[in-house]
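Protein chains: 2
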Amino acid sequence: MDVVSTITAIRDKRRGIMGSVGFIPTMGALHDGHLALVREAKRNDTVVIVSIFVNQPQFDSQQDFARYPRDLKRDLELLEREKIDFVFVPPCEEIYPAGFNTWVEVKQISKELEGRARPGHFCGVATIVTKLFNIIQPTRAYFGQKDAQQVLVISKMVTDLNIDVEIIVVPTLREADGLAMSSRNLLLNARERQAASILYRALTVARQMHNRGTVDSAEIRNAMISCLKQEPLVTIEYVEITTADTLDELPIIDRTALVSLAVRIGSVRLIDNILLYPPK
Amino acid sequence: MDVVSTITAIRDKRRGIMGSVGFIPTMGALHDGHLALVREAKRNDTVVIVSIFVNQPQFDSQQDFARYPRDLKRDLELLEREKIDFVFVPPCEEIYPAGFNTWVEVKQISKELEGRARPGHFCGVATIVTKLFNIIQPTRAYFGQKDAQQVLVISKMVTDLNIDVEIIVVPTLREADGLAMSSRNLLLNARERQAASILYRALTVARQMHNRGTVDSAEIRNAMISCLKQEPLVTIEYVEITTADTLDELPIIDRTALVSLAVRIGSVRLIDNILLYPPK
Numbered sequence: 189m190d191v192v193s194t195i196t197a198i199r200d201k202r203r204g205i206m207g208s209v210g211f212i213p214t215m216g217a218l219h220d221g222h223l224a225l226v227r228e229a230k231r232n233d234t235v236v237i238v239s240i241f242v243n244q245p246q247f248d249s250q251q252d253f254a255r256y257p258r259d260l261k262r263d264l265e266l267l268e269r270e271k272i273d274f275v276f277v278p279p280c281e282e283i284y285p286a287g288f289n290t291w292v293e294v295k296q297i298s299k300e301l302e303g304r305a306r307p308g309h310f311c312g313v314a315t316i317v318t319k320l321f322n323i324i325q326p327t328r329a330y331f332g333q334k335d336a337q338q339v340l341v342i343s344k345m346v347t348d349l350n351i352d353v354e355i356i357v358v359p360t361l362r363e364a365d366g367l368a369m370s371s372r373n374l375l376l377n378a379r380e381r382q383a384a385s386i387l388y389r390a391l392t393v394a395r396q397m398h399n400r401g402t403v404d405s406a407e408i409r410n411a412m413i414s415c416l417k418q419e420p421l422v423t424i425e426y427v428e429i430t431t432a433d434t435l436d437e438l439p440i441i442d443r444t445a446l447v448s449l450a451v452r453i454g455s456v457r458l459i460d461n462i463l464l465y466p467p468k
Numbered sequence: 189m190d191v192v193s194t195i196t197a198i199r200d201k202r203r204g205i206m207g208s209v210g211f212i213p214t215m216g217a218l219h220d221g222h223l224a225l226v227r228e229a230k231r232n233d234t235v236v237i238v239s240i241f242v243n244q245p246q247f248d249s250q251q252d253f254a255r256y257p258r259d260l261k262r263d264l265e266l267l268e269r270e271k272i273d274f275v276f277v278p279p280c281e282e283i284y285p286a287g288f289n290t291w292v293e294v295k296q297i298s299k300e301l302e303g304r305a306r307p308g309h310f311c312g313v314a315t316i317v318t319k320l321f322n323i324i325q326p327t328r329a330y331f332g333q334k335d336a337q338q339v340l341v342i343s344k345m346v347t348d349l350n351i352d353v354e355i356i357v358v359p360t361l362r363e364a365d366g367l368a369m370s371s372r373n374l375l376l377n378a379r380e381r382q383a384a385s386i387l388y389r390a391l392t393v394a395r396q397m398h399n400r401g402t403v404d405s406a407e408i409r410n411a412m413i414s415c416l417k418q419e420p421l422v423t424i425e426y427v428e429i430t431t432a433d434t435l436d437e438l439p440i441i442d443r444t445a446l447v448s449l450a451v452r453i454g455s456v457r458l459i460d461n462i463l464l465y466p467p468k
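Chains A and B are the protein sequences, given in the same order. Those letters in the first sequence? Residues 189 to 468, per the numbering used here, in order. Those letters in the second sequence? Residues 189 to 468, per the numbering used here, in order.
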C-alpha cells in the first residue's frame with residue numbers, strides 16, 4: 189500500500205494505472221461503513237484509491253473541526269488489511285494553499301435539511317469532492333447512503349458539471365442496535381451511545397407505519413417525534429419526509445420518500461435516514 | 189471537420205483521440221483573434237477542438253444575450269479553412285437542462301473591474317468553462333489576453349480546483365487602427381466603429397507615459413481619461429490600473445500592472461487592456 193501526501197505524487201501514481209480506478213474520499217476515523225465502500229470498490233475496480241482528509245470548510249465551527257476524531261495510524265492499518273493500492277493523505281496546505289478562493293455550489297438541494305442547520309456545509313463538500321475528483325480522476329467514486337443529502341448534492345453536481353465519474357451509493361451499515369455507523373459515534377459517552385439507538389427506532393416506526401399503509405407524512409412524523417421524545421438525552425433538530433431526489437416536502441407518500449432526521453445527544457450531532465418506496 | 193452537437197457524441201470522439209487535445213471555447217462570431225487561438229493550438233496539439241456556444245448565464249440581460257452576433261455558417265467555414273478536427277456546437281438544453289443549478293465561483297477577483305459592472309458574469313464564465321473542460325478533457329485550452337480578467341478568473345479556477353488543463357494565453361489581436369478584435373465590434377455602426385479606436389489610443393497614452401518613467405497611476409489614469417473624453421460618443425465605465433494577478437489597486441507602478449478600461453459607445457460595451465512591466 190502506497191501512502192502519498194502530495195498532489196504531484198498521487199497524479200504520478202494515477203498516470204501509471206491501467207484499468208478502472210475506484211475512489212473513496214473519507215475524513216478518516218474509518219469504520220465498517222467506510223470499509224463497505226472500500227470492498228464495493230475492490231469488487232468493481234482494478235485499482236482502489238482512498239483519501240483521508242478532514243475538510244475544514246465543511247465544518248460549521250473551528251471547534252467541531254478540532255474535535256473531529258482522527259486516528260491515522262489505525263486508519264492505515266485498516267486499509268492495509270483491505271489491500272488498498274493507494275492512500276492519499278494530503279496536509280491542509282496542499283489542498284487549500286494561501287489565497288484559495290474558488291467554490292462549487294449546488295443550489296437549492298444544498299439549502300434543505302442539513303443545509304438549514306449547517307449553511308456552507310455542502311459548498312465545502314462539493315468543493316473538496318470536485319478537487320479530489322480532478323486530482324484522482326477516478327472511474328467510480330463511492331459514498332454511503334447514511335449521508336443521503338450529501339449523495340444527492342454530489343450526484344447533482346456530477347450531472348450539472350458533466351463530471352466524468354460514476355457515483356456508487358452503498359447502503360448504510362448499522363451497529364447491532366441499529367445505530368448508523370459514523371465517525372462521530374466515537375464522540376458519544378457510554379450513556380449517550382445507548383441513547384443513540386433511538387434514531388433507528390424512530391426510523392423503524394416510520395417504516396412500519398408505511399408498511400401498514402399509512403401515507404400521511406404528518407402522521408408518521410408525529411409518531412417518530414413521540415418515539416424520539418422517549419429518550420431524554422435527545423434534542424431533535426429536524427424530522428423530515430421529503431421527495432428522495434429534490435428534497436421537496438412530501439405531505440402524502442405517493443412516490444419514493446426520504447425520511448431523515450438530525451438530533452443532538454449531548455454535544456454530538458447525529459443524522460440518519462431511510463428510504464420508503466411507494467406500494468406497488 | 190466533424191461538427192457534433194451532443195455531449196455523448198463529442199465524448200465518443202474524445203475517447204478516440206491519441207495525443208494532446210487543444211481546446212478553444214468560443215461564443216462564435218469568430219474573428220482573427222479566435223483564429224490566432226486556433227493557430228496556436230494547431231502548433232501545440234495533435235487534435236484541436238473548438239466549441240461554439242453562446243452562454244446565456246454570463247450575459248447581464250436577456251437583451252444583450254439576444255443581440256449577441258451569431259453566424260454559425262460563416263464560423264464553420266472559417267474553422268474548416270483552419271483544418272480544425274472537431275467543432276462542438278451544443279444546443280442550450282444540452283448544456284443547461286431543466287433543473288440545472290450548480291455554479292462555480294471564483295471569489296474576490298471576480299468582483300473587481302468587470303465584476304463590478306457585471307455581477308454574475310464570471311460565475312457564468314467559470315461554470316461553462318468547468319463544464320466544457322469536463323466534457324472535452326483537453327490537454328491545453330486557449331484564451332485571448334483581450335479578456336484579461338477572464339484569463340485570471342479561469343487560471344485561478346484551474347489552480348484552485350486542481351483542473352488538469354494547461355491554460356495558454358494568446359496576445360490580443362488588433363485592427364489596423366488598434367481596436368482590439370471582438371465579436372461585439374460587429375454591433376458598432378460606421379461612426380461608432382471609427383470612435384472605437386480611442387480605446388487603444390488611451391492605452392497607448394498609458395504605455396508612453398510609463399515608458400517615459402511615470403509610475404504614478406493617478407497621473408496616467410487622468411491622462412487616459414482626458415484622451416477618452418476627446419471622443420464625444422464614448423461613455424467611460426472604468427479606467428483602472430491594478431496588479432496583474434490579483435487585480436488589487438496599484439497606486440505606484442512598481443511591478444507588472446494591468447491597465448484596463450471599459451467604455452460604452454452607443455449601446456455597445458467595449459473593453460480592452462494592456463500590461464505594463466516595471467523598468468528592469
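Beta carbons are placed, not taken as given, at the ideal position from N, Cα and C, and that holds for glycine. Because the structure is a prediction, the values reported are computed rather than measured.
query: From the beta carbon of L435/B, is the nearest beta carbon of chain A less than 9 angstroms away?; result: no
query: Once you ignore the five residues that flank L361/B on each side, which residues in its own chain have a CB closer than 7 angstroms to its CB?; result: D220, G221, A224, M369
query: Does the count of Cβ pairs from the segment 273-290 of chain B and the segment 337-352 of chain A closer than 8 angstroms reach three?; result: yes
query: Please report the straight-line C-alpha distance between F253/A and N243/A, rounded to a whole angstrom.; result: 8 angstroms
query: Once DSSP output is grouped into helix, strand and coil, what is the label at R471/A?; result: Any answer about residue 471/A is impossible in this case: the structure gives chain A only from 189 up to 468.
query: Checking the sheet assignment: what are the DSSP bridge partners for T431/B?; result: A445/B
query: How far does the alpha helix (DSSP H) with N138/A in it extend, from its first residue to its last?; result: Coverage of chain A is limited to positions 189 through 468, which leaves residue 138/A absent and any answer about it impossible.
query: Is the CB of N410/B under 9 angstroms away from at least one CB in chain A?; result: no
query: DSSP on D200/B, reduced to helix/strand/coil?; result: helix
query: Buried or exposed, going by whether 16 or more other CB atoms sit within 10 Å of the CB of Y388/B?; result: buried
query: Identify which residue in M397/B, L391/B, A445/B, D404/B has its Cα closest to the Cα of I459/B.; result: L391/B
query: Which same chain residues, not among the five before or five after K230/B, have their C-beta less than 6 angstroms away from its C-beta?; result: V236
query: Three or more beta-carbon pairs under 8 angstroms between the segment 333-344 of chain B and the segment 291-300 of chain B, yes or no?; result: yes
query: With 7 angstroms as the C-beta to C-beta threshold (strictly closer), list the residues of the segment 279-294 of chain A near chain D in chain order.; result: Looking at the structure shown, chain D is missing, and the protein chains on hand are A and B.
query: Report the residues of the segment 309-322 of chain B with a CB closer than 7 angstroms to any CB of chain A, ordered along the chain.; result: T318, K319, N322
query: Kindly indicate the opening and closing residues of the beta strand (DSSP E) around G207/B.; result: Segment: none, G207/B is in no beta strand (DSSP E) and carries neither H nor E.
query: Return the chain-ordered list of same chain residues with a C-beta closer than 6 angstroms to the C-beta of V339/B, the five sequence neighbours on each side being excluded.; result: F331, V357
query: Please classify T196/B as buried or exposed, where buried requires at least 16 other C-beta atoms within 10 Å of its C-beta.; result: exposed
query: If you draw a straight line from the alpha carbon of T290/B to that of E293/A, how long is it in whole angstroms?; result: 6 angstroms
query: Between C280/A and Q333/A, what straight-line distance do the alpha-carbon atoms span, to the nearest angstrom?; result: 27 angstroms
query: Answer yes or no: does any C-beta atom of chain B fall closer than 9 angstroms to that of M345/A?; result: yes
query: Alpha carbon to alpha carbon, what distance is there between I323/B and L264/A?; result: 35 angstroms
query: Could you check whether R381/B and E425/B sit closer than 9 angstroms to each other, using their CB atoms as the reference points?; result: no
query: Alpha carbon to alpha carbon, how far is F288/B from V403/B?; result: 48 angstroms
query: With 7 angstroms as the limit, tell me which residues of the segment 337-371 of chain B have their beta carbon closer than that to any beta carbon of chain A; keep them in chain order.; result: K344, M345, D348, L349, N350, I351, D352
query: Can you pull the chain A neighbours of I195/B, defined as C-beta to C-beta under 7 angstroms?; result: N350
query: Return no unless some Cβ of chain A is closer than 9 angstroms to the Cβ of R199/B.; result: yes
query: Would a check of beta-carbon distances place I297/A closer than 9 angstroms to chain B?; result: yes
query: Could you have a look at I272/B and say whether DSSP puts it in helix, strand or coil?; result: coil
query: Curious, which full-length beta strand (DSSP E) runs of at least 3 residues does the segment 325-377 of chain B contain?; result: 328-332, 354-358
query: What separation, rounded to the nearest whole angstrom, lies between the Cα atoms of E509/B and Y465/B?; result: Because chain B in this structure spans residues 189 to 468, residue 509/B falls outside the shown range and cannot be described.
query: List the whole-angstrom C-beta distance separating V192/B from F274/B, where the pair is believed to meet the contact cut-off of C-beta under 8 angstroms.; result: 7 angstroms
query: Report all residues from its chain with a CB closer than 6 angstroms to the CB of E419/A; omit the five preceding and five following residues, and keep chain order.; result: A383, I386
query: Identify every residue that forms a DSSP beta bridge with I237/B.; result: F211/B, F274/B
query: Restricting to Cα atoms, I'd like to know which of A329/B, M412/B, D352/B, A314/B is closest to E228/B.; result: A329/B
query: Can you have a look at A314/B and say buried or exposed, based on whether 16 or more other CB atoms are within 10 angstroms of its CB?; result: buried
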